[in-house]
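Structure first, commentary second.
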Amino acid sequence: FVPYVFQVMSLLLEIHSSSIPSSYMALFPHLLQPVLWERTGNIPPLVRLLQAYLEKGAATIASTAADKI
Numbered sequence: 009f010v011p012y013v014f015q016v017m018s019l020l021l022e023i024h025s026s027s028i029p030s031s032y033m034a035l036f037p038h039l040l041q042p043v044l045w046e047r048t049g050n051i052p053p054l055v056r057l058l059q060a061y062l063e064k065g066a067a068t069i070a071s072t073a074a075d076k077i
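Residue numbering for the sequence shown follows this note's numbering, starting at 9 and increasing by one per position.
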């Protein structure tokens, strides 16, 4: 079930036209937790979600979340 949530989140972020919403930015540091990456089924959707984050808001991530990663 969880991998599908990551896929839906990445789709929503990909179609979002402006910068990354603050609710998504609040989740970003948690997506890097090792426990999420332990299940191999989570890896492809997590990679896609991280790609969407970087494509939509690399500057935002660099300025606001750099201290959290």
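Each residue gets a CB set at the ideal place from its N, CA and C atoms; glycine is no exception.
- By the beta-carbon neighbour count (other beta carbons within 10 angstroms, threshold 16), A60 is buried.
- Spatial neighbours of S27 in its own chain (CB-CB distance under 8 Å, excluding positions within 5 residues in sequence) are listed in chain order as K64, G65 and T68.
- Within 10 angstroms of the beta-carbon of F9 lie fewer than 16 other beta-carbons, which makes it exposed.
- Excluding the 5 residues flanking it on each side, S18 has same chain C-beta neighbours closer than 6 Å at R56, L57 and A60, in chain order.
- If you look at G65, you'll find it in the alpha helix (DSSP H) that goes I51 to T68.
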